[in-house]
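Here is the structure we will look at, set down as structure tokens.
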Amino acid sequence: MIIKACGLTKRYGELTAVKNISLDVAHNEVFGFLGPNGAGKTTTIHILCTLVLPTEGQAWIAGFDIVKEASRVRQSIGLVFQEPTLDENLTAYENLSFHGMIYGMTGPHLKNRITEMS
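Add 1336 to the 1-based position in the sequence shown for the numbering used here, that's all there is to it.
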């Protein structure tokens, strides 16, 4: 399985945003995650992408535990945000540096990758 989730739940105080979601997505499978506004789709994706910790349950992306191996998960996925994530107060170089560091890139490796993209 490329994505495996078992009993994912996310609570914000009294609000349960995601309740007991379990799913398996096989390698090379196309999977659609549909539901009405407020159903917990975005929160679930945020959990799977390691942006939000689950309150309960477990999940693995490419075999990596989303809580215990978050940096490995981030190295294994591509994520496109719905809203732009660039900081307009930073230069292009600074934005690339920031996003590279989020994905665990540092030092000469990060600098070389930014140069390649320029």
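All residues carry an ideal CB built from backbone N, CA and C; glycine is no exception.
Could you give the first and the last residue of the continuous alpha helix (DSSP H) run that contains residue i?
i, result
"residue 1443", "1443-1453"
Between the alpha carbons of residue i and residue j, how many angstroms are there, rounded?
i, j, result
"residue 1436", "residue 1442", "8 Å"
"residue 1383", "residue 1371", "17 Å"
"residue 1394", "residue 1349", "20 Å"
"residue 1374", "residue 1426", "33 Å"
"residue 1356", "residue 1448", "43 Å"
"residue 1340", "residue 1423", "33 Å"
Excluding sequence positions up to five away, which residues of its chain have a Cβ less than 7 Å from the Cβ of residue i?
i, result
"residue 1363", "1338"
"residue 1432", "1450, 1453"
"residue 1390", "1344, 1345, 1346, 1383"
Are there 16 or more other CB atoms within 10 angstroms of the CB of residue i, so buried, or fewer, so exposed?
i, result
"residue 1351", "exposed"
"residue 1434", "exposed"
"residue 1376", "buried"
Enumerate in chain order the residues of its own chain whose CB-to-CB distance from residue i is below 6 Å, with the five nearest sequence positions on each side excluded.
i, result
"residue 1408", "1400"
"residue 1367", "1361"
Restricting to runs no shorter than 3 residues, where is the beta strand (DSSP E) found entirely within the stretch 1344-1428? 1351-1361, 1392-1397
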